[in-house]
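2 protein chains.
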Amino acid sequence: MITDKMKNLVINGSAIRAMFEDGKNLKAKLGAENVFDFSLGNPSIVPPATVKQAILDILENEPEMFVHGYMSNSGYEDVRDRTAQYINSQHGTSFTRDNIVMTVGAASALNIAMKVILDPGDEVVLIAPYFGEYNNYISNFDGVPVVVSPDYERFSINFDELEKKISPKTKLMIINTPNNPTGAVYTEDDLTRLAALLTKKQQEFGTTIYLISDEPYREIAFGGLKVPYLTKFYPNTFVAYSYSKSLSLPGERIGYLVTSSEMEGFADTMDALNVANRILGYVNAPSLMQRVAGRCVGQTSDLSVYEENMELLYNALTEYGYDIIKPKGTFYMFPKCFIADDKEFCAAAKEFGLVIVPGSSFACPGYFRIAFCVDKQTVINSLPSFKKLAEKYTSVK
Amino acid sequence: MITDKMKNLVINGSAIRAMFEDGKNLKAKLGAENVFDFSLGNPSIVPPATVKQAILDILENEPEMFVHGYMSNSGYEDVRDRTAQYINSQHGTSFTRDNIVMTVGAASALNIAMKVILDPGDEVVLIAPYFGEYNNYISNFDGVPVVVSPDYERFSINFDELEKKISPKTKLMIINTPNNPTGAVYTEDDLTRLAALLTKKQQEFGTTIYLISDEPYREIAFGGLKVPYLTKFYPNTFVAYSYSKSLSLPGERIGYLVTSSEMEGFADTMDALNVANRILGYVNAPSLMQRVAGRCVGQTSDLSVYEENMELLYNALTEYGYDIIKPKGTFYMFPKCFIADDKEFCAAAKEFGLVIVPGSSFACPGYFRIAFCVDKQTVINSLPSFKKLAEKYTSVK
Chain A
99 MITDKMKNLV INGSAIRAMF EDGKNLKAKL GAENVFDFSL GNPSIVPPAT
149 VKQAILDILE NEPEMFVHGY MSNSGYEDVR DRTAQYINSQ HGTSFTRDNI
199 VMTVGAASAL NIAMKVILDP GDEVVLIAPY FGEYNNYISN FDGVPVVVSP
249 DYERFSINFD ELEKKISPKT KLMIINTPNN PTGAVYTEDD LTRLAALLTK
299 KQQEFGTTIY LISDEPYREI AFGGLKVPYL TKFYPNTFVA YSYSKSLSLP
349 GERIGYLVTS SEMEGFADTM DALNVANRIL GYVNAPSLMQ RVAGRCVGQT
399 SDLSVYEENM ELLYNALTEY GYDIIKPKGT FYMFPKCFIA DDKEFCAAAK
449 EFGLVIVPGS SFACPGYFRI AFCVDKQTVI NSLPSFKKLA EKYTSVK
Chain B
99 MITDKMKNLV INGSAIRAMF EDGKNLKAKL GAENVFDFSL GNPSIVPPAT
149 VKQAILDILE NEPEMFVHGY MSNSGYEDVR DRTAQYINSQ HGTSFTRDNI
199 VMTVGAASAL NIAMKVILDP GDEVVLIAPY FGEYNNYISN FDGVPVVVSP
249 DYERFSINFD ELEKKISPKT KLMIINTPNN PTGAVYTEDD LTRLAALLTK
299 KQQEFGTTIY LISDEPYREI AFGGLKVPYL TKFYPNTFVA YSYSKSLSLP
349 GERIGYLVTS SEMEGFADTM DALNVANRIL GYVNAPSLMQ RVAGRCVGQT
399 SDLSVYEENM ELLYNALTEY GYDIIKPKGT FYMFPKCFIA DDKEFCAAAK
449 EFGLVIVPGS SFACPGYFRI AFCVDKQTVI NSLPSFKKLA EKYTSVK
């Protein structure tokens with residue numbers, strides 16, 4: 099009796115769940131110590147101590163009717179002030195509370211932006227490989243995903259194909275930098291080129307093309323790399339942010355959407371985002387966690403373990419013969435499989451206790467994703483398995 | 099550049115906001131002590147002490163990666179267990195965790211249910227007067243609202259008209275008991291009759307007609323009245339619940355959806371709700387507040403002030419000549435205006451410092467809503483104004 103559309107989504111959901119079940123089944127078969135589950139992008143490090151301290155301090159010192167009560171659908175004014183000030187201090191931008199909507203994580207930030215701008219049939223450009231959930235969000239508003247195939251050199255943007263795929267029906271492009279699943283970070287040159295292309299296409303077609311930069315991994319960038327801020331490159335930009343990874347609070351559903359003041363119809367857009375937050379059933383970002391985010395903006399968990407894990411894995415796996423574009427951020431790595439069939443490769447990996455995700459799930463067959471948001475010892479213990487997996491395909495010279 | 103659909107929603111949103119601004123402007127004009135703002139359904143009483151105690155205890159005794167982390171999209175198993183057990187203890191039902199999805203308030207509970215069952219063009223029956231936000235939720239899924247006009251005798255259900263308005267395209271009916279804006283509570287007889295009618299129509303058309311009972315006011319029932327539990331009357335029932343009013347936590351966005359085990363395709367529906375919670379961008383109900391809800395299920399704020407306010411207002415206003423169906427629950431009252439034009443009436447009320455909402459906002463012109471979730475002294479102080487407002491229309495005999 100559920101809709102056909104939902105039936106298909108449930109089938110997909112079951113496939114994902116089945117993959118997660120694999121880890122459990124493998125542990126029963128091989129012993130827990132011989133299974134290395136790299137399937138889930140779930141933070142492995144505790145929130146910074148300031149999160150707990152902030153909650154205790156808020157409960158002690160802020161009125162509870164205020165802390166747990168309704169506020170503007172866009173969020174508490176003071177929290178939006180502090181958020182804007184922090185972004186300005188990092189990126190030399192000039193945001194105020196009026197650029198910020200506090201949201202139920204980055205997922206709802208993406209959804210309210212799409213609710214405001216997408217008409218049925220509008221095309222949304224995605225750069226493969228990409229987070230599969232974007233397809234579902236686009237489908238919520240009857241948009242049409244248009245996928246640009248991967249840039250296999252750097253996992254940046256395949257600009258020649260992008261240029262061909264932008265049409266008069268293109269309303270939106272979504273980018274994700276630092277990137278899930280590749281760990282790529284787009285350079286200033288990439289973004290300058292992207293902005294120029296979108297601007298040219300807007301003029302050519304007489305349309306507005308919006309850009310959403312989805313940035314839950316902004317703070318996980320390696321070697322002190324600074325991730326460029328998108329509103330400085332292109333005016334019609336939204337930035338979706340989440341505290342899930344930076345503060346290790348994925349269950350709390352707290353994030354925000356930044357809208358460039360230079361966006362066409364900026365004031366109308368902000369009014370509409372406020373309404374969209376309400377009518378999509380979010381109403382507002384959870385109130386206590388908004389107050390926590392206001393106090394903890396700019397702070398992070400100790401993210402260094404992700405870089406250590408990355409270096410360990412990258413050095414060992416390249417030595418074993420894996421072909422990998424070295425990640426510049428996130429807690430993901432996206433090596434090439436030794437065979438064309440990534441599903442077969444990931445199935446074979448299970449023999450060695452490795453739970454990894456086929457690149458097909460990210461519209462990029464022939465690759466696989468390692469989510470290395472696990473403790474360092476798990477990475478170290480897993481290396482012999484990655485070696486054996488490589489030898490399975492390379493030992494016969 | 100925003101969509102035309104959103105433009106219209108923003109215009110509506112601005113009208114609501116303008117009404118809320120009225121209170122502020124009136125205070126500047128008449129003095130704060132002479133303004134009585136009954137426009138907003140925002141709890142006026144503090145959460146029970148157990149909420150703060152629960153948060154402190156959770157922070158002290160539960161692992162923080164668990165408290166702030168991801169869980170099943172449907173919510174923590176133990177929280178769903180306790181929720182089911184509590185409902186069973188109150189209503190003699192037999193729910194388990196498998197009937198419960200924890201949600202971002204009742205708003206998201208309604209949205210995930212509609213995502214799962216509504217195809218574009220499906221009709222959704224609403225009973226006037228009703229909470230206007232239902233129209234927006236239905237619109238999120240391209241459903242078509244079909245409004246049954248009010249039962250002016252009891253603000254129950256106009257069954258004759260309902261029978262005519264159920265068509266082969268009817269997929270869903272939404273009821274809200276205790277009711278916003280009338281305070282009505284449907285009786286067991288009402289619900290038995292409703293269930294029989296829906297069952298008959300399902301057979302007649304060979305269709306499935308779902309029922310959502312939206313119950314954020316369940317615990318605010320007067321004189322010890324017990325509000326019947328809908329799944330006991332009709333198998334294809336969802337119950338949407340929120341802790342916003344019972345625990346005075348409206349900003350925290352925490353609630354749940356109960357699905358009857360007797361629903362057609364129950365298992366598929368539960369799988370689909372789990373997926374819908376994810377892909378609509380909620381992902382899961384906020385984790386810390388889920389844990390709080392698990393500990394505080396069955397507890398409430400001291401709700402007695404609402405009943406005291408109701409009695410005060412009802413007795414005084416009927417004495418002044420207002421025609422009122424006495425509320426049986428909620429913190430709303432829905433008297434008849436002294437003139438047909440409810441907007442004119444509510445504008446006139448401002449002269450006396452009264453901020454009240456026209457019945458037109460609830461698809462019931464000629465009436466007005468008083469949200470008496472304010473402190474008792476405000477109610478007492480407002481009575482002379484209600485008297486003067488009545489005299490304006492009744493003094494010339």
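Sequences listed follow chains A and B, in order.
Each step along the first sequence adds one to the number in our numbering, with nothing skipped, and position 84 is 182.
Each step along the second sequence adds one to the number in our numbering, with nothing skipped, and position 128 is 226.
A virtual CB, placed ideally from N, CA and C, is assigned to each residue, including glycine.
Because the structure is a prediction, the values reported are computed rather than measured.
Can you tell me where the alpha helix (DSSP H) holding residue i begins and where it ends?
i, result
"K499(B)", "A question about residue 499(B) goes unanswered here, because the residues of chain B that appear run from 99 up to 495."
"V133(A)", "Unbroken run through V133(A): none, as it is neither H nor E."
"P482(B)", "K474 to T492"
"V245(B)", "Element bounds for V245(B): not the alpha helix (DSSP H) but the beta strand (DSSP E), V242 to V246."
"D179(B)", "E175 to H189"
"R389(A)", "S385 to C394"
"C444(B)", "D440 to K448"
"S344(A)", "From DSSP, S344(A) is part of no alpha helix (DSSP H); its letter is neither H nor E."
"T367(B)", "F364 to I377"
Is the separation between the beta-carbon of residue i and that of residue j shorter than 9 Å?
i, j, result
"I310(A)", "L296(A)", "no"
"I185(A)", "Y327(A)", "yes"
"Y93(B)", "A204(B)", "As shown, chain B starts at 99 and ends at 495. That puts residue 93(B) outside it, with no answer to give."
"N277(A)", "Y284(A)", "yes"
"V561(B)", "V222(B)", "A question about residue 561(B) goes unanswered here, because the residues of chain B that appear run from 99 up to 495."
"E534(B)", "I377(A)", "As shown, chain B starts at 99 and ends at 495. That puts residue 534(B) outside it, with no answer to give."
"A488(A)", "Y404(A)", "no"
"S237(A)", "D369(B)", "no"
"I273(A)", "I225(A)", "yes"
"M212(A)", "Y228(A)", "no"
"M99(B)", "G363(A)", "yes"
"I198(B)", "Y412(B)", "no"
"N375(B)", "S358(B)", "no"
"R252(A)", "I423(A)", "yes"
"L107(B)", "G451(B)", "no"
"T329(B)", "E286(B)", "no"
"S344(A)", "L401(A)", "yes"
"R389(A)", "V165(A)", "yes"
"L410(A)", "I478(A)", "yes"
For residue i, which residues in the same chain have their Cβ closer than 7 Å to its Cβ, ignoring the five residues on either side in sequence?
i, result
"K441(A)", "P456 and S458"
"S254(B)", "A282, Y284 and D288"
"D249(A)", "I255 and N256"
"F193(B)", "A182, I185, N186 and V356"
"Y418(B)", "F484, K485 and A488"
"M408(B)", "F320, P425, M431 and F470"
"E406(B)", "K474"
"E261(B)", "L295"
So if DSSP puts residue i in a beta bridge, which residue, or which two residues, is it bridged to?
i, result
"L270(B)", "V222(B) and Y308(B)"
"Y354(B)", "M200(B) and Y339(B)"
"Y465(B)", "K434(B)"
"G427(A)", "A319(A)"
"P146(A)", "Note: P146(A) sits in no beta bridge, so no partner."
"V453(A)", "D135(A)"
Which same chain residues, not among the five before or five after residue i, have their C-beta less than 6 Å away from its C-beta?
i, result
"M387(B)", "E350 and I352"
"V325(B)", "V283, R316 and A319"
"H189(A)", "Y327"
Considering only residues of the same chain and omitting the five flanking positions on each side of residue i, which have a CB-CB separation below 8 Å?
i, result
"K269(B)", "I215, L216, D217, D220, E221, V222, G241, T305, T306, I307 and Y308"
"G121(B)", "V133, D135, S137 and V453"
Could you tell me whether the stretch 424–434 of chain B touches the stretch 464–477 of chain B, using the rule of 3 or more Cβ pairs below 8 Å? Look at the beta carbons and you see the stretch 424–434 of chain B touching the stretch 464–477 of chain B: at least three pairs across the two are nearer than 8 Å.
Touching or not, the stretch 140–158 of chain B and the stretch 173–186 of chain A, by the rule of three or more beta carbon pairs under 8 Å? In short, these stretches do not touch, since the Cβ pair count stays below three.
Give a yes or no on contact between the stretch 152–164 of chain A and the stretch 151–159 of chain B, applying the rule of three or more CB pairs nearer than 8 Å. They touch, by the three-pair rule.
Please confirm if the stretch 132–141 of chain B is in contact with the stretch 132–140 of chain A, defined as three or more CB-CB distances below 8 Å between the two stretches. No, the stretch 132–141 of chain B is not in contact with the stretch 132–140 of chain A.
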